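Student:
Protein chains: 2
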Amino acid sequence: MANHKNISTDLVSKISDTEGRHSLFEDASRKLTVQVCRVFLDKEGNIAPARFQASNLTLPAKNQERTEKAFPLTVARHKNVILEGRPANGQPGITGKRVAVLFSGGPAAGGHNVLAGLKAGLGKHNTLLGIKRGPKGLIQGDVFEVSGRAAQNFLNTGGFDFLGTDRTKIKSQQQFENVKETVLNNRIDGLVVVGGDDSNTNAAFIAEYLEKEGVPCSVVGIPKTIDGDMAVGKFLPISFGYDTATKVYAELVGNLTQDAASAVKYYHFVKLMGRTASKITLEVALQTKPAVTLISEEIAEKDMSIDQIVDYIVHVMIHRRLNGINHGVILIPEGLIEFIPEMKKLISELNRVLAEYETDIKDLPTLKNKQEFIYPLLSPQSAQLMASLPEEIEEMLVLDRDDHGNVKVSQIETEKLLIEKIRYKMSEVKRHTGKYFGEGEGKIPATPEQIERYKSETLSIQSHFLGYEGRSARPTAFDASFTFNLGLTAASLVLEGKTGYMAVVTEFEKGGRVLALPLSGLITTEMRKGKEEQVIEKSLVATSSPSFQVFAKCRDKWANEDLFSSPGPIQHWGPASRQMPMLVALDQSYGDYRVFNLGEEKQIDLLEMEE
Amino acid sequence: MANHKNISTDLVSKISDTEGRHSLFEDASRKLTVQVCRVFLDKEGNIAPARFQASNLTLPAKNQERTEKAFPLTVARHKNVILEGRPANGQPGITGKRVAVLFSGGPAAGGHNVLAGLKAGLGKHNTLLGIKRGPKGLIQGDVFEVSGRAAQNFLNTGGFDFLGTDRTKIKSQQQFENVKETVLNNRIDGLVVVGGDDSNTNAAFIAEYLEKEGVPCSVVGIPKTIDGDMAVGKFLPISFGYDTATKVYAELVGNLTQDAASAVKYYHFVKLMGRTASKITLEVALQTKPAVTLISEEIAEKDMSIDQIVDYIVHVMIHRRLNGINHGVILIPEGLIEFIPEMKKLISELNRVLAEYETDIKDLPTLKNKQEFIYPLLSPQSAQLMASLPEEIEEMLVLDRDDHGNVKVSQIETEKLLIEKIRYKMSEVKRHTGKYFGEGEGKIPATPEQIERYKSETLSIQSHFLGYEGRSARPTAFDASFTFNLGLTAASLVLEGKTGYMAVVTEFEKGGRVLALPLSGLITTEMRKGKEEQVIEKSLVATSSPSFQVFAKCRDKWANEDLFSSPGPIQHWGPASRQMPMLVALDQSYGDYRVFNLGEEKQIDLLEMEE
C-alpha cells in the first residue's frame with residue numbers, strides 16, 4: 295500500500311499516530327489545566343494533601359438508632375461530625391502508605407482524574423494501587439501499582455478503561471473475608487471506592503467490617519453517578535459525571551430540536567438514561583427548552599395516569615399544530631414507568647399473581663390463554679389498564695421476568711407505549727375535528743382555515759434513547775476539576791487514617807470547600823424486595839426545588855413557541871468551556887451557571903510523582 | 295416563583311436569556327470568524343463577488359448523447375467547460391438583482407452559512423430572497439426577503455430552520471409551470487438550490503426549462519449532503535455537512551469505544567446514517583478505530599453472503615475474547631442490505647412475486663400460509679435465504695410494502711438481523727468449544743485456560759442508530775467556512791447570469807479554488823424502477839481509494855487490539871478546531887487532515903449589507 299501512488303505516507307503516519315487514544319483532541323486535552331482548591335496548595339503553590347479536622351457541621355442518619363446498630367464502631371468514632379479540609383501549612387508529610395482505588399458500577403466521566411488526584415495527593419513517598427474490574431477485582435485481589443506515567447497518560451481522558459469496572463455487591467461473609475485477604479496480602483492502608491449509592495453503602499459496610507476485624511485500613515467513598523441522584527443538599531451539590539453526561543445529551547437533544555425545526559415534520563421522542571431520578575432529564579430540559587418534558591417525580595406526586603400523560607402531550611401537539619408548529623422534541627426519563635401509580639400497582643399485583651400461580655401460567659400454551667387466566671386475579675383497575683396496553687408491552691409483562699420472577703420494569707419501553715397511544719389519539723382528533731375544535735364547552739377554538747391546515751398535516755415520530763454515549767465522554771472542565779479535587783480529598787483522608795467517610799467538594803462558585811461526610815450519616819433503612827436494607831437514600835427531583843420551579847414556570851412557553859436552544863458540543867477551550875449544570879447553580883443559589891471556580895488553574899505533572 | 299427564597303432572579307434571567315437559540319455557546323459561536331477564499335476579497339480585504347471565466351478544464355457527461363438530448367440548450371451554452379472564479383479587481387459591481395435560495399432534502403450543517411455567503415456576495419445593492427419549505431415553497435411561491443440582520447443572526451448556526459426544507463421532486467409539467475410563475479411573480483433573476491444529487495438534478499432541469507421558456511433566471515446548485523455521496527474527484531472533494539455529521543458520529547462512537555473498554559462487557563453495534571454510500575462509516579472508522587467496520591461497497595465487490603459477514607464478525611469476537619477483550623464497537627452502514635448480492639436477489643424476486651400474485655397473497659390468512667405460497671415461487675437459494683432470516687425480518691419482507699408494492703428495503707433492521715445470527719453462532723461456539731478450539735485443521739489454537747476463561751464470558755450487545763443528531767449540528771469550522779464560500783460562489787455566478795452550474799470549492803489545503811461545474815456534466819442515465827432516468831451519479835466508496843486502502847491495512851490490528859481513539863466533541867476554539875475529514879485528506883492526497891486552509895480568517899458583518 296505504501297506504493298499506492300496517491301497516498302501520502304506522511305499523512306498515513308499522522309493518522310496511525312492517533313491510534314490508542316491519541317487523537318488530536320485527546321493529546322491536546324491531556325495538557326489542559328485543572329482547578330485545584332486552595333487547601334491543597336502549599337505556600338509555593340505546589341500540591342500537598344490537606345489536613346482534616348472536625349467542623350461544626352453534623353450529618354445525623356435519618357434513622358439514627360438502626361444506623362448505630364448496623365455501624366456501631368464507625369458511628370462511635372465519628373459521632374456524625376463532618377470533617378473539613380485545611381491546608382497542611384508545612385506540617386511534615388505522611389509517607390510509606392499504600393492506597394488502592396477501584397471503580398464500581400457504570401462509567402462516569404472523570405474517573406481517571408480521581409486517580410490522577412489520588413496520585414498527586416499521595417505524592418512520591420506513598421504508593422497508589424489500582425484494582426481491576428471493580429469489586430470483583432477487590433475480592434479476587436487483582437491489584438497493581440499505578441505509575442505516575444500511567445496516571446499522567448490517563449489525565450483528562452474519559453471512561454473507566456484504565457481499571458475497568460463491575461457491579462458485584464459485596465454481601466456474603468465469604469466476600470468480606472476475601473476483601474480482608476486482599477487488603478492484608480497487598481498491605482493496603484487505604485481503600486478508595488469510586489461509586490454510586492450502592493457502592494458507597496458497600497464502602498460503609500467494608501469500613502465497619504475492617505475496623506471490627508482490627509485491620510487498620512481506612513475506607514473512603516467518592517460520589518460517582520451520571521444520574522445525579524447522589525447529592526446531599528449544601529454538602530454535596532452533585533455527583534461527578536452528571537455534568538458531562540447531561541452536556542452530551544443536551545448537545546444531541548439540542549441538535550434534535552434544531553433538526554425538528556429544519557425538517558419541519560418530526561417529533562423526536564428522546565428517552566434519557568438516569569434510572570430512578572429525573573435529574574438528567576430536568577437538566578437537559580433547562581439546557582434545550584423542548585416542547586414537552588416529563589418529570590417522573592411530578593407525575594407520581596400528581597398521581598397521573600398513563601392516559602393523563604398522553605392527553606397532556608396530545609394537548610401540546612394540537613396547540614402547536616394550530617400555531618403552525620408540527621414538530622418538536624419530547625423528553626422522557628428512563629425511570630418513568632415506576633412513578634406512574636397505576637402502573638406501579640399493576641406491576642406489584644402481577645408480581646404477586648405470577649409468583650403464586652407460576653406453574654399454572656407456565657402450562658398455558660398461548661399468551662391469550664395466560665391473559666384470560668391472569669385478568670380475573672387482578673383488581674378491576676389493573677385488569678383494565680393491562681388490557682389497554684399495546685400487545686408487545688403486555689407480552690413483556692407476562693413473559694419476561696427476572697431471576698426473582700419479577701416483571702423486568704427497566705426493560706419496558708415506556709416511550710413506545712406512549713407513542714402508540716399518542717398516535718391513536720392524534721388520529722382520532724384528526725378524524726373528528728368537529729368534536730374537538732370550534733365553539734362550545736371543552737372545545738378548542740380554531741378557525742375553519744386552521745382546521746383545514748390541521749387536517750393536512752401528518753404526525754411523524756422518531757424515537758431515540760440516549761445513555762451509553764454520555765457515560766464515558768472526556769470530562770467537562772467542571773468534572774475534570776471536580777474529580778481531581780475529589781481524588782486529592784480522598785488521598786488526604788486515607789493518609790490521615792480517616793475511615794468511613796465520603797470525600798466531597800462543595801461551593802463550586804467560590805473556590806471549592808473540601809469536606810468529609812460520615813458515610814453512615816447518609817444511610818437510611820428501606821424495604822427492598824420485602825426485606826429491610828440499609829441504603830444510601832437516592833436524591834430525586836423535588837418539585838419544590840428552584841430548578842423544578844424554573845422549569846415549571848417556563849414549560850408552557852416552550853410548549854407553545856419554538857424557543858429551543860442548542861448548548862452545542864462540550865467545549866474544552868474558549869468562552870463556553872467553564873459551565874456547570876444549570877440545575878446545580880439554581881438549587882445551590884449560585885449567581886451564575888456560566889462559570890465555576892474550584893481554585894487555581896494548574897498544569898498537572900504526575901511524572902514528578904515517580905520516586 | 296420570584297418570591298421563592300432560594301432562587302436568584304439574576305440567575306433565572308441568565309437562563310431565560312438562552313431561549314430561542316441564545317445559549318452561551320450559540321451566542322459565542324455566532325462571533326467566530328470564517329475563512330474567505332482570496333478570489334472573494336478586494337484590495338482592501340473587503341468581500342466582493344468573483345468573476346467567472348472559462349478554465350481549461352472540462353466535464354463531459356458520462357453519456358454525452360443522452361445528456362445533450364435532455365439538456366440541449368444548457369449543453370450548447372456551456373460546452374462542458376468548467377468555469378473558474380477570479381478576483382473582480384475593481385470591476386464595477388452588478389446591482390439590482392433579486393436572488394432566491396431554497397433548501398432541499400435532509401438538513402446538513404452549514405446551510406445557514408450558504409445564506410450568509412449569498413448575502414455577503416450580493417451586497418447591499420442586490421436582494422436576497424428566501425424560499426420556505428424547499429421545492430414545495432418554490433412551487434407555491436412562498437418567498438420573503440432576507441435582511442442582513444436575519445442572516446447575521448443565523449450565521450454559524452446549525453440546521454435549516456431559517457427556511458425549513460422539503461423533499462418534493464419537481465417533475466410534472468404543472469410543477470415546472472408553477473416554478474416559472476414564482477420566478478416571474480417575484481422577479482427572480484437567480485435561483486440557488488441547496489441540495490443533494492436529486493435536488494441538483496432538479497436544478498439542471500429547471501435551468502433547461504427556464505431557458506427554453508425564455509425566462510432570464512440563472513439556476514445554480516450547491517452540493518449538500520451529510521452522506522458524502524456527492525463528490526467529483528479533484529473538482530469537489532466532498533459535499534457540505536459531511537464533516538460535521540461524521541464528527542458528531544465519531545464523537546459518539548469514540549465515547550462508545552471508551553465505554554465498551556470501561557464497562558468491559560458490551561459490544562456496541564452502531565448503525566450509521568448515510569443511505570447508499572458507506573462514506574460516513576469509513577470516516578468514522580478512520581477517526582475511532584473500532585473492532586469491526588462493514589463497508590457495503592466492499593461486501594458487494596467480494597460478493598459476500600450474510601453468513602460470511604456473520605462469520606467474519608464472529609471470528610473477530612472469538613479472537614478478541616481469547617486475547618482477553620470481550621467488548622468493542624461494530625460499525626454498520628445504513629445501506630448495507632442493498633449491497634449484499636444474495637439479499638438483493640431475494641428482494642428483487644420477492645418484488646416480482648408480490649406484484650404478480652398480489653391478490654392471492656393478500657387472501658391468505660396467516661404469515662405461514664403466505665410463506666408456504668411464496669417459497670416455491672422463489673429460486674431455491676432465495677427461498678433458503680428467506681427461511682434462514684429472523685421471523686420479524688421475514689414478516690417485514692412479506693407484509694410491509696411501499697406505495698409501489700415493493701419491499702421497504704430501508705426499513706429492514708440489518709443490525710438486528712446480524713445480531714440475531716451472531717448471538718446464535720457465538721452460543722454455538724461456546725457450547726462446542728472442542729469443535730472450534732484446539733489443534734487440528736481449521737481449529738483455533740487455544741490453551742485449556744484460555745478455553746475455560748472463554749466459556750466464563752458472556753456476550754452482551756447494545757444496538758444504536760446514529761443519524762438525526764448529526765444533520766443539524768452547528769457546522770464545524772471547516773463546514774462553516776466551506777459553505778460561506780459556496781454561498782459567495784453561487785452569488786457571483788447568478789450575478790453574472792451563469793445558469794446550469796454547480797458552485798464548488800476545492801483545494802481545501804491551500805486557500806481554496808473556486809469553480810463552477812456544468813450540472814449536466816454530472817448527469818448520467820440510470821434505470822430506476824424499470825424506467826430510464828437522468829440522474830447525478832452517486833459517489834460511493836472505491837475499494838481502490840487511499841481512504842479505503844488505509845482502513846483495510848489497519849483493520850486487522852484494530853480488530854485484535856483495543857486501539858480505539860476518541861476524536862472528542864467538535865471543538866470550535868483551540869488546537870483541535872481546524873480539522874477536515876481524514877477521508878478527504880487521504881483521497882485528495884493532502885499532506886495533513888489536522889488543518890484546512892480556505893483563505894483569510896474574516897469576521898463577518900452582514901448588518902453592513904442593509905441598504
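Going line by line, the protein sequences match chains E and B.
To get my numbering, take the position in the first sequence, counting from 1, and add 294.
To get my numbering, take the position in the second sequence, counting from 1, and add 294.
Just so you know, even glycine gets a beta-carbon here, dropped at the ideal spot from N, CA and C.
Predicted model only: the values in this text are computed from it and were never measured.
Tell me the DSSP secondary structure of residue 406 (chain B) in three-state form.
Tutor: For this step, residue 406 (chain B) is matched to residue 112 along the second sequence. Correct three-state label for residue 406 (chain B): helix.
Student: From the DSSP secondary-structure annotation, give me the bridge partner or partners of residue 562 (chain B).
Tutor: Here residue 562 (chain B) corresponds to residue number 268 of the second sequence, with the count starting at 1. Its beta-bridge partners are B:623 and B:756.
Student: Looking at C-alpha atoms only, which residue of B:433, B:655 and B:609 is the closest neighbour of residue 459 (chain B)?
Tutor: In the second sequence, the residue the question calls residue 459 (chain B) occupies position 165. Comparing Cα positions, the closest option is B:433.
Student: Do residue 648 (chain B) and residue 684 (chain B) have their C-beta atoms closer together than 8 Å?
Tutor: As a working note, residue 648 (chain B) is residue 354 in the second sequence. As a working note, residue 684 (chain B) is residue 390 in the second sequence. Against a cut-off of 8 Å, the Cβ pair of residue 684 (chain B) and residue 648 (chain B) comes out as no contact.
Student: CA-CA distance, residue 679 (chain E) and residue 686 (chain E)?
Tutor: One-based indexing of the first sequence puts residue 679 (chain E) at position 385. One-based indexing of the first sequence puts residue 686 (chain E) at position 392. So the two alpha carbons sit approximately 14 Å from each other.
Student: Determine the DSSP secondary structure at residue 840 (chain B), reduced to helix, strand or coil.
Tutor: Mapped onto the second sequence, residue 840 (chain B) falls at position 546. Helix at residue 840 (chain B).
Student: I'd like to know whether the C-beta of residue 487 (chain E) is nearer than 8 Å to at least one C-beta of chain B.
Tutor: Residue 487 (chain E) sits at position 193 when you count from the first residue of the first sequence. Answer no: the Cβ-Cβ gap between residue 487 (chain E) and chain B never drops below 8 Å.
Student: Contact between the region 530 to 542 of chain E and the region 760 to 778 of chain E: three or more CB pairs below 8 Å?
Tutor: Touching, yes, given that three or more Cβ pairs across the two stretches are closer than 8 Å.
Student: So, with DSSP's three-state summary, where would you put residue 309 (chain E)?
Tutor: The residue you call residue 309 (chain E) lines up with position 15 of the first sequence. In this structure, residue 309 (chain E) counts as helix in the three-state DSSP scheme.
Student: Please list the residues of the region 766 to 780 of chain B that have a C-beta atom closer than 8 Å to any C-beta atom in chain E, keeping them in chain order.
Tutor: Going along the region 766 to 780 of chain B in chain order, one finds 766, 767 and 768 with a Cβ nearer than 8 Å to chain E.
Student: So which residues on chain E does residue 844 (chain B) lean against when the C-beta distance must stay under 8 Å?
Tutor: Locating residue 844 (chain B) in the second sequence gives position 550, where the first residue counts as 1. Going along chain E in sequence order, the residues near residue 844 (chain B) (Cβ under 8 Å) are 295, 301, 306 and 309.
Student: For residue 338 (chain E), which of E:383, E:397 and E:412 has the nearest alpha-carbon?
Tutor: On the first sequence, residue 338 (chain E) is found 44 positions in, with the first residue counted as 1. Out of E:383, E:397 and E:412, E:383 has the C-alpha closest to the C-alpha of residue 338 (chain E).
Student: Quick check: the Cα distance between residue 302 (chain E) and residue 309 (chain E), rounded to an integer number of angstroms?
Tutor: Counting from one through the first sequence, the residue named residue 302 (chain E) turns up at place 8. Counting from one through the first sequence, the residue named residue 309 (chain E) turns up at place 15. Roughly 11 Å separates the two Cα atoms.
Student: Using CA coordinates, which residue listed in E:391, E:884, E:851 and E:508 is at the minimum distance from residue 418 (chain E)?
Tutor: Taking the first sequence and counting its residues from 1, one reaches residue 418 (chain E) at position 124. Checked all of E:391, E:884, E:851 and E:508; the closest Cα to residue 418 (chain E) is E:391.
Student: Would you mind working out which of B:690, B:348, B:756 and B:322 sits nearest residue 558 (chain B), comparing C-alpha positions?
Tutor: In the second sequence, residue 558 (chain B) corresponds to position 264, counting from 1. Closest option to residue 558 (chain B), Cα to Cα, is B:756.
Student: Give the residues of chain E in contact with residue 481 (chain B), contact being defined as C-beta atoms less than 8 Å apart.
Tutor: Counting from 1 along the second sequence, the entry for residue 481 (chain B) is found at position 187. None at all; the shortest Cβ gap to chain E is about 27 Å.
Student: Starting from the N-terminal side, write out each stretch of the beta strand (DSSP E) that is 3 residues or longer and does not extend beyond the region 581 to 651 of chain B.
Tutor: Counting only runs of 3 or more, we get 622 to 627.
Student: Given a cut-off of 8 Å, decide if residue 786 (chain B) and residue 343 (chain B) are closer than it, judged by their beta-carbon atoms.
Tutor: For the purposes of this step, residue 343 (chain B) is identified with residue 49 of the second sequence, where counting begins at 1. For the purposes of this step, residue 786 (chain B) is identified with residue 492 of the second sequence, where counting begins at 1. Cβ atoms of residue 343 (chain B) and residue 786 (chain B): closer than 8 Å.
Student: For the candidate residues E:668, E:319 and E:639, whose alpha-carbon lies nearest to that of residue 653 (chain E)?
Tutor: Position 359 of the first sequence holds residue 653 (chain E). Of the listed residues, the one whose Cα sits closest to residue 653 (chain E) is E:668.
Student: Does DSSP classify residue 518 (chain E) as helix, strand or coil?
Tutor: Residue 518 (chain E) sits at position 224 when you count from the first residue of the first sequence. Note: residue 518 (chain E) maps to strand in three-state DSSP.
Student: Under the rule that 16 or more other beta-carbon atoms within 10 Å means buried, what is residue 350 (chain B), buried or exposed?
Tutor: Here residue 350 (chain B) corresponds to residue number 56 of the second sequence, with the count starting at 1. Exposed, since its Cβ has fewer than 16 Cβ neighbours within 10 Å.
Student: Shorter than 8 Å from the beta carbon of residue 917 (chain B) to some beta carbon of chain E?
Tutor: What the structure shows of chain B is the stretch from 295 to 905, and residue 917 (chain B) is not part of that stretch, so it cannot be assessed.
Student: Am I right that residue 865 (chain E) and residue 887 (chain E) are in contact with their C-beta atoms under 8 Å? What's the rounded C-beta distance?
Tutor: Numbered from its first residue, the first sequence carries residue 865 (chain E) at position 571. Numbered from its first residue, the first sequence carries residue 887 (chain E) at position 593. With 8 Å as the limit, residue 865 (chain E) and residue 887 (chain E) do not qualify as a contact, their Cβ atoms being about 15 Å apart.
Student: Using the Cβ count rule (16 or more neighbours within 10 Å means buried), how would you classify residue 851 (chain B)?
Tutor: Here the question's residue 851 (chain B) lines up with position 557 in the second sequence. Classification for residue 851 (chain B): exposed.
Student: Quick check on residue 295 (chain B): buried or exposed, where buried means 16 or more other Cβ atoms within 10 Å of its Cβ?
Tutor: To locate residue 295 (chain B), count along the second sequence from 1; it is residue 1. Legend: pLDDT at residue 295 (chain B) = 42, less than 50; position of this residue unreliable, value from coordinates given subsequently. Result: exposed.
Student: Are the C-beta atoms of residue 557 (chain B) and some chain E residue less than 8 Å apart?
Tutor: For this step, residue 557 (chain B) is matched to residue 263 along the second sequence. It does; some Cβ of chain E falls within 8 Å.
Student: Closer than 8 Å by beta-carbon distance: list the chain E residues that pair up with residue 562 (chain B), in chain order.
Tutor: For the purposes of this step, residue 562 (chain B) is identified with residue 268 of the second sequence, where counting begins at 1. Under the 8 Å cutoff, chain E gives 762.
Student: On the DSSP letters alone, give me the boundaries of the beta strand (DSSP E) that residue 830 (chain E) sits inside.
Tutor: In the first sequence, counting from the first residue as 1, residue 830 (chain E) sits at position 536. Segment 825 to 830, the beta strand (DSSP E) holding residue 830 (chain E).
Student: Provide the residue span of the beta strand (DSSP E) that contains residue 350 (chain B), from first to last.
Tutor: Counted from its first residue, the second sequence places residue 350 (chain B) at position 56. Its beta strand (DSSP E) spans residues 345 to 352.
Student: Buried or exposed: which applies to residue 307 (chain B), given that a residue is buried once 16 or more other Cβ atoms fall within 10 Å of its Cβ?
Tutor: Reading the second sequence from its first residue, position 13 is the one you call residue 307 (chain B). Exposed is the call here.
Student: Would you call residue 297 (chain B) buried or exposed, if buried means 16 or more other Cβ atoms sit within 10 Å of its Cβ?
Tutor: Working through the second sequence from its first residue, we reach residue 297 (chain B) at position 3. With a pLDDT of 48 at residue 297 (chain B), under the threshold of 50, the modelled position of this residue cannot be trusted, and the question is left open.
Student: If you count every other CB in all the chains shown that lies within 10 Å of the CB of residue 602 (chain E), and 16 or more means buried, which is it?
Tutor: To locate residue 602 (chain E), count along the first sequence from 1; it is residue 308. It counts as exposed.
Student: Give me whichever residues DSSP pairs with residue 394 (chain E) in a beta bridge.
Tutor: The residue you call residue 394 (chain E) lines up with position 100 of the first sequence. Answer is E:423 and E:485.
Student: From which residue to which residue does the alpha helix (DSSP H) around residue 821 (chain B) run?
Tutor: Here residue 821 (chain B) refers to the residue found at position 527 of the second sequence. Per DSSP, residue 821 (chain B) belongs to no alpha helix (DSSP H); it is in the beta strand (DSSP E), 817 to 822.
Student: Measuring only between beta-carbons, confirm whether residue 327 (chain B) sits less than 8 Å from chain E.
Tutor: Translated into positions along the second sequence, residue 327 (chain B) becomes position 33. Taking Cβ atoms only, chain E never reaches closer than 8 Å to residue 327 (chain B), which makes this a no.
Student: Excluding the 5 residues preceding and the 5 following residue 583 (chain B) in the sequence, name in chain order all residues of the same chain whose CB lies nearer than 8 Å to its CB.
Tutor: Taking the second sequence and counting its residues from 1, one reaches residue 583 (chain B) at position 289. The residues are 551, 848, 852, 857, 858 and 859.
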